[in-house]
Amino acid sequence: AQSVTQLGSHVSVSEGALVLLRCNYSSSVPPYLFWYVQYPNQGLQLLLKYTTGATLVKGINGFEAEFKKSETSFHLTKPSAHMSDAAEYFCAVSLSNQGGKLIFGQGTELSVKP
Amino acid sequence: SQTIHQWPATLVQPVGSPLSLECTVEGTSNPNLYWYRQAAGRGLQLLFYSVGIGQISSEVPQNLSASRPQDRQFILSSKKLLLSDSGFYLCAWVNPWGTEAFFGQGTRLTVV
C-alpha cells in the first residue's frame, strides 16, 4: 500500500540554521510528491512539488527538496531558517494509478528559536 | 484558474446535531474532489473522494457521509455528530493525473 512517512513530529532549529524535514514514501508507481505548509488556523499552501524532470525542486520562501528514487525520499531543506518559517509541514504523494489520490504524511511541526 | 470555496469557516455544534459542510469548485469541470480531516495534533486523514457525480469512495468507516449532487459540489454530512468529529476539514481538488492539487480554506468544527 502507498504511504508517506515523515520522520519527526516536531523539529526545532535556531534562527539562521539549516532546516531539514524528512519524508519517505512507498509507491508502486512513479510518484508525484508535494510539500505543503500550514500556518496556525489556516489552510494548506503549496511549497513545492515534483512530477517529472529535474529531481531537485525549488519552491517558495527559499525551500527546496530533492527526489531520490533509490532512497524513496523527498526531504525538504532550507539553508537558513527564519522565525516566519515556524509552521506545520506536510509531505504528500499522489497516486497516478488511482486518479491522483493524494496521501499525506503525519506532518512535522517546525519551531524556530531566536 | 481553479478556486475552491468552503463554508462555513468555523462551526460549533452540539453532540448529536447534524452536520453539512459544502465545497464548490470553479474553473474546472469533472474534478476529482476530496474531503480530509485534521484532528488536533494529527495529520491529514483522507475521508472521502469522488471522481464524478454520485460516485463516492470512503476511506475510513465513521459516522460521516459524503455526497456529490453536482459536478462541482461536494458535501460532507453527518446525522449525529460525535465529540471525536471535531477537527479541521479540508476540501481539495486534484487533477486526474495527480500533478495538481488545490485546497479550500477549511472549516474548523468544534463539537461540544
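Line by line, the protein sequences are chains A and B. The numbering of the first sequence is this note's numbering, which starts it at 2 and goes up by one. The numbering of the second sequence is this note's numbering, which starts it at 789 and goes up by one. Each residue gets a CB set at the ideal place from its N, CA and C atoms; glycine is no exception.
When you compare each of A:G63, A:Q3, A:L48 and A:S13 to V25 (chain A) by their alpha carbons, which one comes out closest?
Start at 1 with the first residue of the first sequence, and residue 25 (chain A) comes out as number 24. The sequence given here places Asn at residue 25 (chain A); Val does not occur at that position. Taking only the C-alpha atoms, the option nearest N25 (chain A) is A:Q3.
Does I104 (chain A) get closer than 8 angstroms to chain B when you measure Cβ to Cβ?
Here residue 104 (chain A) corresponds to residue number 103 of the first sequence, with the count starting at 1. Yes, contact with chain B.
For A827 (chain B), which residues of its own chain have a beta-carbon under 6 angstroms away from its beta-carbon, when the five flanking residues on both sides are left out?
In the second sequence, the residue the question calls residue 827 (chain B) occupies position 39. Counting only Cβ-Cβ distances below 6 angstroms, and skipping sequence neighbours, we find G875.
Taking contact to mean 3 or more Cβ pairs, one atom from each stretch, closer than 8 angstroms, check whether the stretch 799-813 of chain B and the stretch 55-69 of chain A are in contact.
no
Specify, as a first and last residue, the run of the beta strand (DSSP E) that Y26 (chain A) falls within.
Here residue 26 (chain A) is taken as the residue at index 25 of the first sequence, counted from 1. If you look at Y26 (chain A), you'll find it in the beta strand (DSSP E) that goes V20 to S27.
If you check the beta carbons only, do R860 (chain B) and S838 (chain B) fall under 8 angstroms apart?
For the purposes of this step, residue 860 (chain B) is identified with residue 72 of the second sequence, where counting begins at 1. For the purposes of this step, residue 838 (chain B) is identified with residue 50 of the second sequence, where counting begins at 1. The answer is no: Cβ separation not under 8 angstroms.
For V38 (chain A) and G63 (chain A), I'd like the C-alpha separation in whole angstroms.
The residue labelled residue 38 (chain A) in the question sits at position 37 within the first sequence. The residue labelled residue 63 (chain A) in the question sits at position 62 within the first sequence. C-alpha separation (whole angstroms): 13 angstroms.
Assign E89 (chain A) to one of two classes, buried (16 or more other C-beta atoms within 10 Å of its C-beta) or exposed (fewer than that).
Here residue 89 (chain A) refers to the residue found at position 88 of the first sequence. Of the residues assessed, E89 (chain A) falls on the buried side of the cut-off, its CB having 16 or more other CB atoms within 10 angstroms.
Answer with buried or exposed for A797 (chain B), where buried requires no fewer than 16 other C-beta atoms within 10 angstroms of its C-beta.
Here the question's residue 797 (chain B) lines up with position 9 in the second sequence. Result: exposed.
Starting from the C-beta of S846 (chain B), find all residues in its chain whose C-beta is less than 7 angstroms away, skip the five residues before and the five after it, and write them out in chain order.
One-based indexing of the second sequence puts residue 846 (chain B) at position 58. Excluding sequence neighbours, S846 (chain B) sits near F836.
Give the secondary structure of S85 (chain A) by DSSP, where H, G and I count as helix, E and B as strand, and everything else as coil.
Indexing the first sequence from 1 puts residue 85 (chain A) at position 84. Here S85 (chain A) sits in helix by DSSP.
So if I threshold CB-CB distances at 7 angstroms, which residues from the stretch 43-59 of chain A count as touching chain B?
G44, L45 and T52
Which residues in chain B have a C-beta closer than 8 angstroms to the C-beta of F35 (chain A)? List them in chain order.
One-based indexing of the first sequence puts residue 35 (chain A) at position 34. Under the 8 angstroms cutoff, chain B gives A889.
Output the distance between the C-alpha atoms of S85 (chain A) and W36 (chain A), rounded to the nearest integer angstrom.
As a working mapping, residue 85 (chain A) is identified with position 84 in the first sequence. As a working mapping, residue 36 (chain A) is identified with position 35 in the first sequence. When rounded, the distance between both Cα atoms is 17 angstroms.
Could you tell me the distance, in whole angstroms, from the CA atom of H83 (chain A) to the CA atom of L45 (chain A)?
By one-based count along the first sequence, residue 83 (chain A) stands at place 82. By one-based count along the first sequence, residue 45 (chain A) stands at place 44. C-alpha separation (whole angstroms): 19 angstroms.
Does DSSP put N820 (chain B) in a helix, a strand or coil?
Within the second sequence, residue 820 (chain B) is the residue found at index 32, counting from 1. Looking at N820 (chain B) - three-state DSSP - the assignment turns out to be strand.
Would a C-beta distance cut-off of 8 angstroms place S28 (chain A) and L96 (chain A) closer than the cut-off?
Your numbering for residue 28 (chain A) matches position 27 in the first sequence. Your numbering for residue 96 (chain A) matches position 95 in the first sequence. Yes, Cβ-Cβ distance for S28 (chain A) and L96 (chain A) is below 8 angstroms.
Measuring CB to CB, does S872 (chain B) end up less than 8 angstroms from L852 (chain B)?
Locating residue 872 (chain B) in the second sequence gives position 84, counting from the first residue. Locating residue 852 (chain B) in the second sequence gives position 64, counting from the first residue. No.
With 16 other CB atoms within 10 Å as the buried threshold, where does T109 (chain A) fall?
The residue you call residue 109 (chain A) lines up with position 108 of the first sequence. Counting the other Cβ atoms within 10 Å of the Cβ of T109 (chain A) gives 16 or more, which makes it buried.
Please classify S71 (chain A): does DSSP put it in a helix, a strand, or coil?
Translated into positions along the first sequence, residue 71 (chain A) becomes position 70. Of the three classes helix, strand and coil, the one that applies to S71 (chain A) here is helix, per DSSP.
Determine whether the Cβ of S97 (chain A) lies closer than 8 angstroms to any Cβ atom of chain B.
For the purposes of this step, residue 97 (chain A) is identified with residue 96 of the first sequence, where counting begins at 1. It does; some Cβ of chain B falls within 8 angstroms.
List the residues of chain B that Q107 (chain A) touches, going by C-beta distances under 9 angstroms, in chain order.
Against the first sequence, residue 107 (chain A) aligns to sequence position 106. Those within 9 angstroms of Q107 (chain A) in chain B are R830, G831 and L832.
Closer than 7 angstroms, Cβ to Cβ, to anything on chain A: give me those residues from the stretch 872-884 of chain B, in chain order.
L878, A880, V882, N883 and P884
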